[in-house]
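Numbering (the numbering used here), first residue to last: 533 to 1212. What follows is a set of notes on a single structure, which appears directly below.
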Amino acid sequence: MCLAVGAGYATLLYSAKAPWSRAVNYGLAALRFVVVSFLCLLLLSPFIKTTTTRTEAPTVVLAVDNSQSVSLFTPQAALSQLATGLPRLAATLRDKGFRVETRTLTQPETTPDSLRFTANRTDLNKLLADSREANADHNLAAVVLLSDGIVNQGQSPQFSEFGFPVFGVALGDTIPKKDLRLTDAVYNRVAFSGNKFPLETEIGYEGYAGGAATVEVREGGRVLEARRVALPPGRRRIKTTFQLTAPAPGKRRYEVRVVPQAGEFTVLNNARTVFIEVVKGKLRVLLAGAAPHPDLKALRAAILANNNFDLTLSVAGVGQPLPPAATFDVAVLHQLPARGGLGQDLLARVRAARVPVLYVLGAQSDFSAYSQLATGLSVQPRGAQTDDVTPLPNAGFARFPVEEESRRRFGQYPPAQVPFGDLRLGNGAEAALWQQVGRLPTQKPLLVFSSPTTTPRTATLLAENTWQWRLQEATAHDDRPEAYDRLIARTLQLLTQNANKKRLDVYPTQDVFGTQDDVTLGAETYNAVFERIYDQKITLTLTDSAQRPRTVTFTNPADGSPLHLGPLPAGLYRYQARATLGGQAQQAAGELLVQNQPLEAQESRADHRLLAQLSRRSGGQLYYPPQLDKLAQDIEKANFKPVISSEEDLKDLINLKWLFFALLGLLAAEWATRKYQGGI
């Protein structure tokens, strides 16, 4: 049909007598026939299909374990054979049509003649997995793994599935060296001041069986304890445990060391550094009441919900005598002082010990006696009248935050009873909560804190029957009364907060860094009640053992990312950090250790059995450095095939730009010929 339209169009246009020759007329008719026929064809939306075929050669990855243990424990003759044989192996494989790629533990791409055995840890599983992922778009045929089989990081590779055969080349020496080493140190990272804590050490030994070794625990160059440990025959490792006493709170650094003996192959693996965080312990809370009351149970549950509190409950005239009040960090006194002098002895003991107190007032409280305690609040009730109120956070109170969710939950609490009368705040006292009567907010205090300079610190909650608050919140929110529990916990934390307590904490993210590690420091900042805050400007000064300072300024983001200092030379560094938090200058100090970690010196015996298992399980074989030529022959005999892939592509003919210019050229040629021949 398209040809018929084109032929008809050309016939009608060029059948009449023309001023040019018959040959020119036929040529012009042919041009018009071609153009019109092709335009009609394009209206039918034809397409063309193209097929592209690619041939990809099989890839062989030379995965080299360039860890320090290879150069430390491999005989020099084997290393020399590797240095000359590996480039020759790569060239041979390329000549046989293979694509060859060289990877190491530290470099994703390198060349066989530029290997340096400097990696301070070995993760063979990651090396093989990275080789697979990097060649996901290639025809990965096999991996040649050159290693001593010693793995000290990540999982053991013989239990992983990689999807390609592994041809192992065994390096290192399976003959054990005469050596003593500290293979492990097990300890709790946190200890309570004054308590004993265990430090378990494991000693590995070769060539010293039947003898003994001396193990020392040092702090700051001072030997805390030394122990002579027998090394029984028939074993390679022995454990011993030290019982150390935690000193004053702070971060302590201990060195555990096996004293070197004559004939040791290396002393790089004889010591380890241990960091212990010594803390004061839990806050001891006394919860005392004038009489049994449901509020006591609610307060007890809220306090025990926080693992940092250790609670003792006492009701006046009930149970065993209490220990001295000075043994408590904070007291919660429910309706004490009480009318009739009930619980007066307990109140006197708490005040004499100058323990911070949270007073919870109620119907049994003696308001006259309470107003004489200098708590920052004076209460003068009008008879026995009470108001029914719900808590309303004071937007101007900055000592601890109240989240929007807590505000919403406070508004859903049932009313609690407070004394109706004259309530007056003293100098420096602040209200954390106001009273809301129905929907009417007031400026009457509900939760009051004394001045921060007052000693001991006090707080007062005027509401009775707050157990209903906790019960209602637990019922409405899947037994999670978080707002109530958080309010009680923050109140106690604010009362016990030491004015000199550290609110800026800057700490190394690792106990010990290697010389090739990126040294990172974490930073935490807190408000007055030890709640985390972020994006605070911190200035850090880092000083090395030569007393050369380095100063950086950074902020602590909400995502918790640390400060990156990059690799540092081996040595002990001290740092001091400064920040201004809530208008108060804060500082933190500490130290970090960068050392040549002896991971690669912990095991001197090569593990060729691991390489054999990995090779056999994956379908490969195990070779040794003198057998690299045989390895190349076996890889060729494995008959790894190239991958031939084809790709089909469909394109609309009308989208080919060159067709437009071709048609335009034909029309231009027709027009020019007609003009030249004298037509129009």
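C-beta atoms are modelled at their ideal positions from N, C-alpha and C, and glycine is treated no differently.
Delimiting residues of the beta strand (DSSP E) encompassing residue i
i: Thr1057; result: 1051-1058
i: Gly538; result: Not the beta strand (DSSP E): Gly538 falls in the alpha helix (DSSP H), residues 534-546.
i: Leu672; result: 672-679
i: Ser910; result: 909-925
i: Ser1178; result: 1175-1184
i: Thr583; result: 579-588
Straight-line gap, residue i to residue j (C-alpha atoms, nearest Å)
i: Leu1072; j: Ala1120; result: 9 Å
i: Thr986; j: Val817; result: 20 Å
i: Arg789; j: Ala745; result: 10 Å
i: Asp1139; j: Val811; result: 43 Å
i: Pro590; j: Asp627; result: 12 Å
i: Gln967; j: Leu1003; result: 20 Å
i: Ser547; j: Arg586; result: 53 Å
i: Leu836; j: Pro1013; result: 13 Å
i: Ala794; j: Pro764; result: 18 Å
i: Gly915; j: Val969; result: 19 Å
i: Asn1032; j: His1009; result: Unreliable placement is indicated for Asn1032, whose pLDDT of 45 sits below 50; no coordinate value is reported for it.
i: Asn598; j: Asp842; result: 53 Å
i: Ile1020; j: Pro923; result: 13 Å
i: Ser679; j: Glu1168; result: 22 Å
i: Pro1101; j: Glu1132; result: 18 Å
i: Ala561; j: Trp1190; result: 23 Å
i: Leu874; j: Glu1063; result: 37 Å
i: Thr1050; j: Tyr1105; result: Sequence inspection shows Asp at residue 1050; the Thr mentioned does not correspond to that position. One C-alpha to the other measures close to 14 Å.
Candidates the options, of which the one nearest residue i by Cα
i: Leu1182; options: Leu874, Ser577, Ile808, Gly540; result: Ser577
i: Thr992; options: Thr859, Ala906, Gly1054, Pro779; result: Ala906
i: Lys976; options: Ala610, Val806, Asn926, Phe1193; result: Asn926
i: Pro1040; options: Thr1052, Gln1029, Lys1034; result: Thr1052
i: Thr522; options: Ser938, Leu815, Leu618, Leu573; result: The question about residue 522 has no answer, for the chain in this structure spans 533 to 1212.
i: Ala780; options: Gly736, Ser725, Arg769; result: Ser725
i: Thr798; options: Leu1026, Glu738, Tyr786; result: Glu738
i: Gln949; options: Trp1203, Arg631, Gln1000, Asn727; result: Gln1000
i: Glu996; options: Glu1132, Val1038, Leu1024, Asp919; result: Asp919
i: Pro1234; options: Arg1206, Ala702, Val683; result: The chain is shown only over 533 to 1212; residue 1234 falls outside these bounds and no answer can be derived.
i: Tyr1016; options: Ser938, Phe605, Pro1089, Pro988; result: Ser938
i: Phe1045; options: Gly1098, Thr1075, Pro1081, Ala668; result: Gly1098
i: Gly1151; options: Asp877, Phe699, Phe630; result: Phe699
i: Ala830; options: Asp662, Lys783, Gly766, Glu1005; result: Glu1005
i: Ala989; options: Asp898, Glu1123, Glu962; result: According to the sequence as given, residue 989 is Arg; it is not Ala. Of the candidates Asp898, Glu1123, Glu962, the one whose C-alpha sits nearest the C-alpha of Arg989 is Glu962.
i: Glu693; options: Lys709, Leu660, Tyr719, Ala668; result: Leu660
For residue i: DSSP bridge partner residues
i: Glu738; result: Asp711
i: Asp1010; result: The partner list for Asp1010 (beta bridge, DSSP) is empty, contrary to what the question assumes.
i: Glu633; result: Val593
i: Glu751; result: Arg754
i: Gly686; result: None, per the DSSP bridge assignment.
i: Trp966; result: Leu924, Pro977
i: Gln775; result: Pro730
i: Thr1073; result: Thr1083, Gln1108
i: Asp954; result: Gln912
Residue i vs residue j beta-carbon contact at 9 Å
i: Leu972; j: Leu994; result: no
i: Gln613; j: Pro1157; result: yes
i: Gly1114; j: Ala1060; result: yes
i: Leu845; j: Leu868; result: no
i: Gly821; j: Val862; result: no
i: Val761; j: Thr772; result: yes
i: Gly958; j: Ser910; result: yes
i: Glu734; j: Ile770; result: yes
i: Gln912; j: Leu955; result: yes
i: Val889; j: Arg883; result: yes
i: Asp729; j: Thr777; result: The residue you asked about is not Asp; residue 729 is Phe in the sequence shown. Yes, they are a contact pair.
i: Thr1087; j: Asp1067; result: yes
i: Phe696; j: Val675; result: yes
i: Phe1192; j: Ala673; result: no
i: Phe570; j: Ala542; result: no
i: Lys1034; j: Gln1118; result: yes
Start-to-end residues for the alpha helix (DSSP H) that takes in residue i
i: His825; result: No alpha helix (DSSP H) holds His825; DSSP gives it neither H nor E.
i: Arg881; result: 876-884
i: Leu763; result: No alpha helix (DSSP H) holds Leu763; DSSP gives it neither H nor E.
i: Ser897; result: It is not in any alpha helix (DSSP H) - Ser897 carries neither H nor E in the DSSP assignment.
i: Ala661; result: 656-666
i: Phe605; result: 600-605
i: Leu868; result: That residue, Leu868, is in no alpha helix (DSSP H); it is neither H nor E in DSSP.
i: Ser846; result: Here Ser846 belongs to no alpha helix (DSSP H); instead the beta strand (DSSP E) covers 841-847.
Check: residue i C-beta below 8 Å from any heavy atom of the ligand GDP
i: Arg1012; result: By its list of ligands, the structure shown contains no ligand whatsoever, and the ligand GDP lies outside what it can speak to.
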